[in-house]
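Those sequence lines, one after another, are chains Z and S. With full-length UniProt numbering, you'll find the first sequence wraps up at 613, consecutive numbering, no jumps. With full-length UniProt numbering, you'll find the second sequence wraps up at 71, consecutive numbering, no jumps. Where a beta carbon is used, it is the ideal one built from N, C-alpha and C, also for glycine. Quantities reported herein were computed from a predicted structural model and do not represent experimental measurements.
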Amino acid sequence: MKKKLKIVTISGFLIGVGWLSNLLNFNPLIFDTAMVAAAVVAGYQVAISAYNTLKMKVISINLLVTIAAVGAVIIGEYWEAAAVTFLFAFGSYLESRTVGKARDAIRDLMDLAPNLATVIREGEEKEIAAEEVEVEEVVIVRPGEKIPVDGRVVKGKSEVNQAAITGESVPVRKEIGDEVFSGTINKNGYLEIKTEKVGDDTTFGKIIELVEEAQEEKAPTQKLMERFSKYYTPGIILLSIISYFFSGSVRLSLTLLVIGCPGALVISTPISIVAGIGNGAKNGILIKGGEYLEKSGEIDMLAFDKTGTLSKGEAEVDQLITYDKSEAEVLRLAAIAEFNSEHHLARAIKKKAEKTVKTEIKSPVAFETHTGKGVTAQIDGKEIMIGNSRLFKEQGIEIKPEIEEQKNRLEEEGKTVVIVAENDQIIALISIADRPRENAYQIVEKLKQVGIKKVVMLTGDNERIAESVANELNLDGYRAELLPEDKVKAVEEYQKEGYKVAMVGDGINDTPSLVTADIGIAMGAAGTDAAIDTADITLMADNLNKLPYAIGLSKAANRNIKQNVVFAVLVVFALLAGVLGQKVFLASGMLVHELSVLIVIFNAMRLLRYDAA
Amino acid sequence: MKKIKLYLEELSCPDCANKVEMVLNKTEGVKKADVHYTTSKANVEYDPDKIDISGLKKAVAKTGYKVEKTK
Numbered sequence: 001m002k003k004k005l006k007i008v009t010i011s012g013f014l015i016g017v018g019w020l021s022n023l024l025n026f027n028p029l030i031f032d033t034a035m036v037a038a039a040v041v042a043g044y045q046v047a048i049s050a051y052n053t054l055k056m057k058v059i060s061i062n063l064l065v066t067i068a069a070v071g072a073v074i075i076g077e078y079w080e081a082a083a084v085t086f087l088f089a090f091g092s093y094l095e096s097r098t099v100g101k102a103r104d105a106i107r108d109l110m111d112l113a114p115n116l117a118t119v120i121r122e123g124e125e126k127e128i129a130a131e132e133v134e135v136e137e138v139v140i141v142r143p144g145e146k147i148p149v150d151g152r153v154v155k156g157k158s159e160v161n162q163a164a165i166t167g168e169s170v171p172v173r174k175e176i177g178d179e180v181f182s183g184t185i186n187k188n189g190y191l192e193i194k195t196e197k198v199g200d201d202t203t204f205g206k207i208i209e210l211v212e213e214a215q216e217e218k219a220p221t222q223k224l225m226e227r228f229s230k231y232y233t234p235g236i237i238l239l240s241i242i243s244y245f246f247s248g249s250v251r252l253s254l255t256l257l258v259i260g261c262p263g264a265l266v267i268s269t270p271i272s273i274v275a276g277i278g279n280g281a282k283n284g285i286l287i288k289g290g291e292y293l294e295k296s297g298e299i300d301m302l303a304f305d306k307t308g309t310l311s312k313g314e315a316e317v318d319q320l321i322t323y324d325k326s327e328a329e330v331l332r333l334a335a336i337a338e339f340n341s342e343h344h345l346a347r348a349i350k351k352k353a354e355k356t357v358k359t360e361i362k363s364p365v366a367f368e369t370h371t372g373k374g375v376t377a378q379i380d381g382k383e384i385m386i387g388n389s390r391l392f393k394e395q396g397i398e399i400k401p402e403i404e405e406q407k408n409r410l411e412e413e414g415k416t417v418v419i420v421a422e423n424d425q426i427i428a429l430i431s432i433a434d435r436p437r438e439n440a441y442q443i444v445e446k447l448k449q450v451g452i453k454k455v456v457m458l459t460g461d462n463e464r465i466a467e468s469v470a471n472e473l474n475l476d477g478y479r480a481e482l483l484p485e486d487k488v489k490a491v492e493e494y495q496k497e498g499y500k501v502a503m504v505g506d507g508i509n510d511t512p513s514l515v516t517a518d519i520g521i522a523m524g525a526a527g528t529d530a531a532i533d534t535a536d537i538t539l540m541a542d543n544l545n546k547l548p549y550a551i552g553l554s555k556a557a558n559r560n561i562k563q564n565v566v567f568a569v570l571v572v573f574a575l576l577a578g579v580l581g582q583k584v585f586l587a588s589g590m591l592v593h594e595l596s597v598l599i600v601i602f603n604a605m606r607l608l609r610y611d612a613a
Numbered sequence: 001m002k003k004i005k006l007y008l009e010e011l012s013c014p015d016c017a018n019k020v021e022m023v024l025n026k027t028e029g030v031k032k033a034d035v036h037y038t039t040s041k042a043n044v045e046y047d048p049d050k051i052d053i054s055g056l057k058k059a060v061a062k063t064g065y066k067v068e069k070t071k
């Protein structure tokens with residue numbers, strides 16, 4: 001790189017000297033000598049490389065440029081020779097500078113990889129390379145340090161910035177038993193972590209590998225461009241020879257050689273893709289390759305798999321209606337009664353109680369489960385009963401009409417309702433639901449803003465739940481009570497209607513429909529390799545925040561690719577017309593060629609800064 | 001057949017990638033090579049009986065580029 005800059009500087013200086021001597025009316029010999037020297041300085045490496053590759057019977061752009069420059073010197077066009085080689089060297093210097101920036105997006109990500117880990121070996125704390133930690137070994141991570149492995153917390157608690165994985169910098173609480181990822185940063189507490197995965201096997205390692213591979217995956221447009229240039233270059237060489245025989249103009253033939261390599265065209269697609277995928281990777285969005293970037297730019301319909309995407313996928317206490325009792329007391333009694341139950345409704349109640357009840361919740365006496373109906377228990381000498389109406393009917397407890405009415409209303413909203421009684425007196429109704437995520441409504445709105453025409457939900461849940469969620473989130477449609485194969489059929493039907501469908505799921509239960517859709521998007525995939533493998537686009541964070549960003553980015557990338565391709569094709573034909581019309585010669589041909597490549601690169605670089613969604 | 005990733009020093013033009021790719025593909029013992037301009041990386045499938053890693057590096061060197069690391 002430095003050497004390139006030196007070559008460009010010296011060659012440029014010599015050209016300056018040449019023009020200066022010309023201006024001062026010195027002997028023209030000085031001008032000619034300076035120009036030839038400039039051409040030699042800028043071109044000798046190009047010529048060496050051309051010679052080496054020619055030995056392997058490969059015709060490279062270097063060879064074409066060398067022939068053009070040497071030819072120009074032979075016919076006495078010293079300035080043209082100097083300009084062609086100088087512009088070629090300067091252009092490729094600038095190109096590698098700017099392309100380097102696009103590559104840096106990934107390199108920045110790689111720099112987040114942890115280097116060192118602190119472990120205890122032979123009773124002593126030791127710092128070793130992160131890859132050398134052994135599975136099952138415990139590593140120590142102090143505040144401010146990077147977590148070096150994938151594993152689980154065995155001691156301590158802290159907040160961890162998981163931006164390296166999820167793209168979100170809001171810290172996440174980690175306690176004993178919680179999963180932590182390599183590359184994330186321990187903010188404020190001391191942690192001991194039992195190692196599960198090391199080095200390339202970690203989620204972070206996988207991301208890097210995937211991103212690298214994704215950038216190499218060739219998009220359909222790119223393949224087309226490469227095929228075109230494969231024929232274009234030999235075609236131009238042939239044209240150069242033919243035109244010499246017809247017109248006898250060496251200058252024309254040499255100029256044709258200079259424009260024989262459609263650089264802007266070749267680079268137009270891959271550079272946009274690298275920038276797009278790089279931007280995504282920094283934001284916790286893994287795009288599997290250029291093909292998917294192009295495809296998802298065309299998506300106009302989004303289908304959600306409800307459980308775990310639009311909703312959190314776990315039951316939560318929604319409403320608590322009490323009768324002559326405080327909410328806290330009801331929750332305390334209910335949580336104690338459910339202490340030994342692992343039912344998902346019981347878990348929801350206990351979770352809510354943990355947050356609101358101050359006193360300790362301990363195991364009750366005389367606990368009894370009535371499968372499919374509820375539980376009974378004795379607490380503080382009182383008989384507590386929690387369950388559905390079947391349990392109450394069985395136990396002969398009457399439900400008053402006004403309570404029954406409230407219960408029915410909640411159930412119509414698609415919620416599950418449990419009744420709580422103390423000594424045969426009903427004290428509360430607790431409604432439990434799998435709530436939509438807090439920002440699901442805004443996400444749906446934003447998706448519309450980035451160009452999605454229709455947002456629908458395909459769910460295994462019952463009609464009532466599906467309807468209430470669809471209404472609450474203002475969806476354009478829903479289908480309920482679907483089995484995985486029904487979801488596949490639904491996606492196929494939408495596709496037949498002419499929609500380009502993206503399916504959003506957790507990537508585990510909904511694999512068939514993710515594969516069927518034009519684009520499969522898995523979310524919350526940090527730590528689940530299967531989801532990353534199945535999906536075309538993966539959102540590492542377990543929330544919807546990055547979904548509009550991912551779609552918006554794809555659309556922007558798609559537009560960017562189109563702009564680049566159209567521009568590059570126009571340049572190719574304009575140059576060809578200019579050369580054949582004798583308007584463009586060696587130096588100006590090279591100038592336009594190099595400029596067009598730079599413009600294409602700069603346009604693609606805008607994708608690195610894409611940030612609106 | 002063995003597969004290897006060659007990380008090259010930064011390729012300076014898209015055509016350079018094509019050049020390295022063609023040279024590698026014409027090298028004895030290389031079954032298939034694809035070189036990516038955007039990542040400056042060559043994925044090579046080769047016959048270890050006919051060519052070794054240093055042979056691959058030499059082939060790349062002919063095009064004027066160095067192999068920085070292999071994997």
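In DSSP terms, what residue i is bridged to
| i | result |
| --- | --- |
| Ile426/Z | Ala421/Z |
| Phe304/Z | Met457/Z and Val504/Z |
| Asn186/Z | Val160/Z |
| Leu286/Z | Thr538/Z |
| Thr70/S | Leu6/S |
| Val141/Z | Leu191/Z |
| Asp150/Z | Lys197/Z |
Reduced DSSP category for residue i - H, G, I as helix; E, B as strand; rest coil
| i | result |
| --- | --- |
| Ala613/Z | At Ala613/Z the pLDDT is 47, less than 50, meaning the model places this residue with poor confidence and gives no usable figure here. |
| Ala129/Z | strand |
| Tyr65/S | coil |
| Asp536/Z | coil |
| Tyr46/S | strand |
| Leu320/Z | strand |
| Gly12/Z | helix |
| Met1/S | coil |
Rounded C-alpha distance that separates residue i from residue j
| i | j | result |
| --- | --- | --- |
| Ile561/Z | Gly581/Z | 30 Å |
| Val149/Z | Ala281/Z | 20 Å |
| Tyr231/Z | Leu224/Z | 11 Å |
| Asn340/Z | Val154/Z | 25 Å |
| Ala530/Z | Lys206/Z | 12 Å |
| Val70/Z | Gly43/Z | 9 Å |
| Gly100/Z | Glu412/Z | 59 Å |
| Thr459/Z | Asp318/Z | 20 Å |
| Val571/Z | Ala83/Z | 20 Å |
| Lys2/S | Asp536/Z | 28 Å |
| Val592/Z | Leu575/Z | 8 Å |
| Ala89/Z | Ser96/Z | 11 Å |
| Lys26/S | Met56/Z | 7 Å |
| Asn161/Z | Leu109/Z | 15 Å |
| Ala68/Z | Thr53/Z | 17 Å |
| Asp15/S | Ile285/Z | 30 Å |
| Ala445/Z | Arg152/Z | Note that residue 445/Z corresponds to Glu in the displayed sequence, not to Ala. If I take the Cα positions, the gap works out to 37 Å. |
| Leu5/Z | Leu265/Z | 25 Å |
| Lys41/S | Asn22/Z | 46 Å |
Presumed contact (8 Å Cβ cut-off) between residue i and residue j, rounded CB distance
| i | j | result |
| --- | --- | --- |
| Lys5/S | Thr63/S | The pair is not a contact, with the Cβ atoms about 17 Å apart (cut-off 8 Å). |
| Ala480/Z | Asn462/Z | 6 Å |
| Leu293/Z | Ile271/Z | So it is not a contact: roughly 12 Å between Cβ atoms. |
| Lys454/Z | Tyr499/Z | 7 Å |
Delimiting residues of the alpha helix (DSSP H) encompassing residue i
| i | result |
| --- | --- |
| Asn471/Z | Glu463 to Leu473 |
| Gly71/Z | Ile61 to Ile74 |
| Phe245/Z | Pro220 to Ser247 |
Cβ-heavy atom distance, residue i to the ligand NAD, below 7 Å
| i | result |
| --- | --- |
| Val139/Z | Summarising the ligand content, the structure contains no ligands, and the ligand NAD is consequently not present. |
Extent of the continuous beta strand (DSSP E) run through residue i
| i | result |
| --- | --- |
| Gly581/Z | Run containing Gly581/Z: none; DSSP gives neither H nor E here. |
| Thr376/Z | Gly374 to Ile379 |
| Glu383/Z | Lys382 to Gly387 |
| Gly280/Z | Taken as a continuous stretch (DSSP letters only), Gly280/Z belongs to no beta strand (DSSP E), being part of the alpha helix (DSSP H) at Gly263 to Lys282. |
| Arg479/Z | Gly477 to Arg479 |
| Ile399/Z | Premise fails: Ile399/Z is in no beta strand (DSSP E) and is neither H nor E. |
| Asp32/Z | First-last for Asp32/Z: Pro28 to Lys55, but that is the alpha helix (DSSP H), not the beta strand (DSSP E). |
| Thr203/Z | Note, Thr203/Z: premise wrong, no beta strand (DSSP E); alpha helix (DSSP H) at Thr203 to Glu216. |
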